[in-house]
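Residue numbers (my numbering): 4 to 531. For each residue, glycine too, the CB sits at the ideal point set by N, CA and C.
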């Protein structure tokens, strides 16, 4: 008789009680082990590997224990999966359908020790789906009940817990003022109106030694005691709690706690902030930084999007917080990238994911859910994949690491030109870049303008297009020199094989030489 290798999977939604010597996970495992032992006559053998998920919801598949279980199933190391109850495996019907499909593909059976059914029969599957429907219904109803309770409590002005904001201390279902911190809050708002700059206020707060409140968790971990970051200063200036209000979604309710600020001071600060923030939001819509919140440097330090302007040109970068705060180069780790051009790394990540899922035109909204992190090194870019999203989009899955994560490592080459640094794929078979439609349209427009003026752009020894073309429009005067680019450069642009970083903006902002050799050298093309 061929032995059946049995893997026991256990799960608990919260971390409460896991510190006990014999917790819920142990109780589930003991019951499953006893069931496997009772089937010894059928050739069942319990595997030593533990697949435990303590403190993870059953509403999704982003669980390290489950990821390792599925990886071992794909590797052919498991014949039977044993759980205490069906809802320990998942509380989602859609997730369960995908899990069972993978079980069937790998010829793996599924057993619940407290619910007798056989998944190999249609009646067994019906029973299982009914049980899962109730489990999912229970989860959704519980979530709705909690959300409704929070909304009703906030409508009454109650404080619903969490870390109390700077200037307040918890006081039952409300807050009480912490006098010294409250005075700091008032000073920050008044000082911002005088300075008119969040960045300047941040520097003054740091110079004055103003730091966040030190907090100690139940586990004994200490946080806080650090200078306020720019984001924290923004949050402090915008927090409506300081005028005695409670916010829930888009609704604002009078709070039970006393205000720290006068309404007139708070409103004046909001008006000043609005005057600064509106244009930045408009720029963000034109050039969204799609890797915001995902990208970090080689040391794990988060990188944030910034925009640098030079003349009429605008360049996007991702930079580390220490660089934004003015740290000197000597104070930064010598082996890391602290500032990189945004567009090339975004393009590299997008093309890697499109190649992975086999959809060369997939837009960013479809790609972003696949990513958990992007870490940039001088020699590679590491892309972490979200297990649940990747399982739906990729078959087969890339190799899963021992910690249950999936990482794609893309070799890159660091490039420098004109003070800018960017990354290019080092793979010989890197996906071809698509033509830059804006740049191609500008090139065609330049030729059209010269044709209207009766000028032959193919003559490389033209003294200057300015002397022969009567164009007064400043935009067109910067556009027309594109027609004097070397023929091979123009052909490369039309084919979409131009160097990364060569854009219409970069060409308009430079003086293009008439010599084709000089053009190739300056623009990063191979010399003949």
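Give the C-beta separation of residue i and residue j to the nearest angstrom, bearing in mind that I take them to be a contact with Cβ-Cβ under 8 Å.
{"i": "residue 413", "j": "residue 383", "result": "6 Å"}
{"i": "residue 103", "j": "residue 35", "result": "Wrong, their Cβ atoms sit about 19 Å apart, outside the cutoff."}
{"i": "residue 411", "j": "residue 388", "result": "7 Å"}
{"i": "residue 197", "j": "residue 231", "result": "Not really, about 17 Å apart at Cβ, beyond 8 Å."}
{"i": "residue 217", "j": "residue 227", "result": "4 Å"}
{"i": "residue 229", "j": "residue 220", "result": "Not confirmed; about 16 Å, so no contact."}
{"i": "residue 251", "j": "residue 157", "result": "4 Å"}
{"i": "residue 364", "j": "residue 386", "result": "Rounded, the Cβ-Cβ distance is 19 Å, inconsistent with contact."}
{"i": "residue 394", "j": "residue 373", "result": "Rounded, the Cβ-Cβ distance is 10 Å, inconsistent with contact."}
{"i": "residue 109", "j": "residue 49", "result": "Not a contact, Cβ separation roughly 19 Å."}
{"i": "residue 522", "j": "residue 489", "result": "5 Å"}
{"i": "residue 240", "j": "residue 192", "result": "6 Å"}
{"i": "residue 242", "j": "residue 168", "result": "6 Å"}
{"i": "residue 61", "j": "residue 90", "result": "6 Å"}
{"i": "residue 510", "j": "residue 479", "result": "About 14 Å separates the two Cβ atoms, so there is no contact after all."}
In the DSSP output, what is residue i paired with across the bridge?
{"i": "residue 298", "result": "377"}
{"i": "residue 180", "result": "171"}
{"i": "residue 306", "result": "323"}
{"i": "residue 388", "result": "374, 409"}
{"i": "residue 318", "result": "311"}
{"i": "residue 113", "result": "84"}
{"i": "residue 343", "result": "321"}
{"i": "residue 13", "result": "55"}
{"i": "residue 48", "result": "8"}
{"i": "residue 214", "result": "230"}
{"i": "residue 523", "result": "Bridge partners of residue 523: none, in fact."}
{"i": "residue 142", "result": "DSSP, once it has assigned bridges, lists no residue as partnering residue 142."}
{"i": "residue 534", "result": "Lying before the first or after the last residue shown, residue 534 is absent from the chain, which here runs from 4 to 531."}
Suppose contacts are defined by Cβ-Cβ distances below 8 Å. Is residue i in contact with residue j by that definition?
{"i": "residue 276", "j": "residue 245", "result": "no"}
{"i": "residue 95", "j": "residue 47", "result": "no"}
{"i": "residue 381", "j": "residue 340", "result": "yes"}
{"i": "residue 170", "j": "residue 147", "result": "no"}
{"i": "residue 311", "j": "residue 324", "result": "no"}
{"i": "residue 82", "j": "residue 111", "result": "yes"}
{"i": "residue 161", "j": "residue 92", "result": "no"}
{"i": "residue 492", "j": "residue 453", "result": "no"}
{"i": "residue 201", "j": "residue 233", "result": "yes"}
{"i": "residue 321", "j": "residue 345", "result": "yes"}
{"i": "residue 292", "j": "residue 319", "result": "yes"}
{"i": "residue 63", "j": "residue 391", "result": "yes"}
{"i": "residue 297", "j": "residue 376", "result": "yes"}
{"i": "residue 409", "j": "residue 379", "result": "no"}
{"i": "residue 482", "j": "residue 447", "result": "no"}
{"i": "residue 105", "j": "residue 73", "result": "yes"}
{"i": "residue 2", "j": "residue 439", "result": "In the structure displayed, the chain extends from 4 to 531; residue 2 sits before or after that span and is not available."}
{"i": "residue 445", "j": "residue 507", "result": "yes"}
{"i": "residue 603", "j": "residue 268", "result": "No answer is possible for residue 603: the residues shown for the chain start at 4 and end at 531."}
{"i": "residue 153", "j": "residue 163", "result": "yes"}
Return yes when the C-beta of residue i is under 7 Å from any heavy atom of the ligand SAM, and no when it is not.
{"i": "residue 405", "result": "Only the bare structure without any ligand can be found here, which leaves the ligand SAM out of the picture."}
Between the region 105-115 and the region 73-90, can you find at least three pairs of beta-carbon atoms closer than 8 Å? Contact between the region 73-90 and the region 105-115 is present, because at least three Cβ pairs lie under 8 Å.
Those runs of the alpha helix (DSSP H) which lie wholly inside the region 219-266 and span at least 4 residues: The qualifying runs are 233-241.
Would you list, in sequence order, the uninterrupted beta strand (DSSP E) runs of no fewer than 3 residues that lie entirely inside the region 66-100? Contiguous beta strand (DSSP E) elements confined to the region 66-100 occur at 83-86, taking only those with 3 or more residues.
At a cut of 8 Å, does the region 53-60 reach the region 13-22 through at least three beta carbon pairs? Segment contact: the region 53-60 against the region 13-22, three or more CB-CB distances shorter than 8 Å; contact assigned.
Please confirm if the region 64-79 is in contact with the region 23-35, defined as three or more CB-CB distances below 8 Å between the two stretches. When Cβ pairs closer than 8 Å are counted between the two stretches, the region 64-79 is seen not to touch the region 23-35, the count staying below three.
Decide yes or no for the touch test of the region 256-273 against the region 178-195: beta carbon pairs closer than 8 Å, at least 3 of them. Cβ pair count under 8 Å is three or more, so yes.
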